[in-house]
Every structure is written in structure tokens, then in C-alpha cells.
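Input: a single structure, listed below in C-alpha cells.
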């Protein structure tokens, strides 16, 4: 290289690569959960693909704006626990349009949370153990999918699980993406052998708008649990993760951007976007850049790369739709194991109130629905009542003689 030739700027390349890795890991490790959740509440394959496209684009735009505006590595994500909640809830009264109306409601509540601190304080007043127990109960049936799928089709499922297990030993962040890569190969072989190759038109990204409808069953059964899970498992921990790297997330702008993004994406099928929690460290840690003031570039790069990944939404949804039984469910279950472990640990951490947490977990895992409302709501409601009934008695005061 001659002296007068420009040299690459490693200071900028490092955060850009960190952002690309953050986006790639975040997308490939949980998009199957998102598609599973949207399909469970009534979305057609085209509507689920549209939803994946919508939340990819809205979170990308929000990430680019927040990171550049505040010069912080603020990364956004779709709510993976929220998608798992949808998968456990199933179809509600009113079907897919009612679910879309619930998504819009969640976005409005998130915006209000940013504007009205008392609502945020109300959410934080819900015992963490109960919120985590509810989430763990919702996740349990999904995390059992690899076991049941292996029992019925060991030859198909074993390679997926084996690759995941090996990567857990050497590089955990790539374990689920690698497992999906193996699953994609298995699906491609199965589709080719069966002569079910999709048309090119099915692989191109497209939107399928839905007019939202509102009913009280969807509001209570989907919107409220989804809002609580999003706040308790994503937004509040996301702020804490950023704080651990000495960044103060601008709360009101972050809630406004994610809430409005959710409202915009909902009629196209997106369930919710929020602050990233676990994956936030990929852009905020020193590995993204030694200078904390330059790490915002990683979040911005992640946003731009998410726009590229959004173009794959229809192809991935088509791949999922034609997959052999159990393959996609296995990938989704493996992707949620870490979240299940963290939720169980949080639910059982406090000895006081453990009975309420266990009962919350059992009811949520049961999948029962009463008057058209899913188990997540009833689990939290019963847990709160039991916790109140079993609360420790205040110490009695001895009369003064």
C-alpha cells in the first residue's frame, strides 16, 4: 500500500461490524418465535410475514433515529417474550383483527407510560416474581416442543439439537442461528424431495394490512399481558442493561418511539417493538468500540442491517410454512430456553411469596381460557390475590403498661 492511499478507519469498522452481528443474532435467534406467535393468534402465513416485515422496519427506523439523535447505542427489538405469550394464548374472540386491535392498544399504553410516570410506577409495582412466573408458565409449553418433536421424528430433530448443543459449548450467541441454519437445510431437502418448491412471488416481501377491531376479551387477554411482559421483560431490563454500561436511556423519547412504532406496525401484523435487553450489550459493551462515545455507530449499523434482513421476511415465513412438523417449533423452543431459565430464577428468587409465584406459573402453563381470556391474565390475577392473602402479618404491638 502506498503512503498516499487512504487507509481503512478501524475505529468505525469495529462498531459497524458489532452492529451487524447484533442485528443478525437478534433476528435469526427469534424470528421463528415471532412467526409462531402471530400464527397462533390467527394470522395467515402472508399476514405473519407482513408482521415480521413491519416490526423489522419499525424497530430499524426507531433504532437509527434514537442512536443518532442521542448519540447512544440504543438498540430496539421485537418482544420475543411477547411473541411467546401470543403462542400460548391462541386465537381470541374476534380472531386476527381483534389481535391487531390489541397490538395497537399496547402501543398506545407504551406511549402513555412514557408521558405519564405514574403508569410506569404501577407496572414496576407488580412483583417481579409474579411477572417472571407468568412468563415462565407461558414459555414452558413452547420449550417442551424440542422434546416432543424429537420423540416423534428423531432423525429430523436430532441434527438441529446437536448443532445447538455444540455451539452452546463454544459460542452461545450463535447457537440458535446455527440451529436454524441446520433446520433450513432440512426444510429445503424435504421441500425439494416432495416437489413443493414455492413460487418466486411467495419469497418477495409484501404487506397484508388488517383493519383493527377491539373487544374486551382481546384487550384483557392479549393487550394487558403483552404490555406487562413487554415492560417487565424488555423495557425496564433494557434500561438497566444500558445503565450497567453508563448510559442513561432517555425514557420518554424511547417509549414514544417504540410505542408509535408499535401502533404503526400493528395494522400490518407487527405485535410490538421495545428496548432490547439481552442483545443490547452487543452494541453497548466495550467490544463494540473502546470509546463509549462511538458505540452509537453500532446501534445505527444494526438498524440499517435490520432493513436488509426485513427483505427476507416473506422467504422465511414461506420456509416456516412448508417445514416438516416439529422443526420450526424445535428452533423456537431452543431459542426460548435461556429466557425460561431466567424467568424461573426470577420467579423463585424470593422465598416470601413463592407460593403465589408457583401458582402463577402453573396456571399460565396450563393454557386454560375462561370467558375467552387466556391463561396469562388469569395466572397474574390469581397470583396477585394469593400474594395479598398470604402476605406476612405486621408485627403486633405489645400494650404499654
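Residue numbers (this note's numbering): 1047 to 1447. Just so you know, even glycine gets a beta-carbon here, dropped at the ideal spot from N, CA and C.
A Cβ-Cβ distance of about 4 angstroms is found for the pair residue 1348 and residue 1069, placing them in contact under the 8 angstroms criterion. Residue 1208 counts as exposed, since fewer than 16 other beta carbons sit within 10 angstroms of its beta carbon.
In the displayed model, residue 1190 falls within coil according to three-state DSSP, outside both helix and strand. Bounds of the beta strand (DSSP E) holding residue 1124 are 1122-1124. Judged by pairs of C-beta atoms under 8 angstroms, the stretch 1353-1367 touches the stretch 1093-1109, as three or more such pairs exist.
Rounded to the nearest whole angstrom, the CA to CA distance from residue 1199 to residue 1238 is 19 angstroms. In this structure, the straight-line span from the alpha carbon of residue 1144 to that of residue 1166 is close to 25 angstroms. Residue 1308 and residue 1436 have their C-alpha atoms spaced approximately 38 angstroms apart.
Comparing C-alpha distances from residue 1111 to each of 1403, 1363, 1299 and 1334 shows the shortest one belongs to 1299. Three or more beta-carbon pairs drawn from the stretch 1073-1089 and the stretch 1211-1227 are found closer than 8 angstroms, and the two stretches are therefore classed as touching. Around the beta-carbon of residue 1277, 16 or more other beta-carbon atoms lie within 10 Å, marking it buried. For residue 1416, the secondary structure class from DSSP, reduced to helix, strand or coil, is strand. Your pair residue 1398 and residue 1412 does not check out as a contact, with CB atoms roughly 24 angstroms apart and the cut at 8 angstroms. For the 8 angstroms CB-CB criterion, residue 1271 and residue 1423 form a contact.
With a threshold of 16 other beta carbon atoms within 10 Å, residue 1407 meets it and is buried.
Of 1079, 1085, 1084 and 1099, the smallest CA-CA separation from residue 1251 is found for 1099. With fewer than 16 other CB atoms across the displayed protein chains lying within 10 angstroms of its CB, residue 1217 is exposed.
One Cα belongs to residue 1128, the other to residue 1195, and the distance between them is close to 23 angstroms.
Shown here, residue 1319 sits in a strand according to DSSP, grouped into three states. Taking 8 angstroms as the cut-off, the beta carbon of residue 1123 is found closer than this to the beta carbon of residue 1320. Annotation: the continuous alpha helix (DSSP H) that includes residue 1375 extends over 1373-1394. C-alpha of residue 1086 to C-alpha of residue 1339: approximately 42 angstroms in a straight line. In this chain, residue 1291 is not harboured by any alpha helix (DSSP H), its DSSP state being neither H nor E.
Of all alpha-carbon atoms in 1429, 1393, 1151 and 1430, the one lying nearest the alpha-carbon of residue 1263 is that of 1151. For residue 1136, the three-state secondary structure derived from DSSP is coil.
Residue 1400 and residue 1257 have their C-alpha atoms some 42 angstroms from each other. The count of Cβ pairs closer than 8 angstroms, one atom from the stretch 1361-1370 and one from the stretch 1177-1189, stays below three, leaving the stretches out of contact. Going by C-alpha positions, residue 1394 is about 17 angstroms away from residue 1428.
About 5 angstroms separates the beta carbons of residue 1118 and residue 1342, which is inside the 8 angstroms limit, making them a contact pair.
CA-CA distance, residue 1249 to residue 1230, rounds to 14 angstroms.
Here residue 1386 has 1182, 1185, 1186 and 1189 as same chain residues with Cβ atoms under 8 angstroms from its own Cβ, once five neighbours each way along the sequence are excluded. A direct Cα-Cα distance of roughly 27 angstroms separates residue 1430 from residue 1322. Nearest in C-alpha terms to residue 1228, of all of 1432, 1376, 1079 and 1438, is 1376.
Look at the stretch 1137-1161 and you find these whole runs of alpha helix (DSSP H), each 4 residues long or longer: 1141-1161. Take residue 1236, set aside five residues on each side of it, and the residues of its chain with a beta-carbon closer than 6 angstroms to its own are 1370, in chain order. Relative to the Cα of residue 1245, the nearest Cα in the group 1273, 1365, 1082 and 1396 belongs to 1365.
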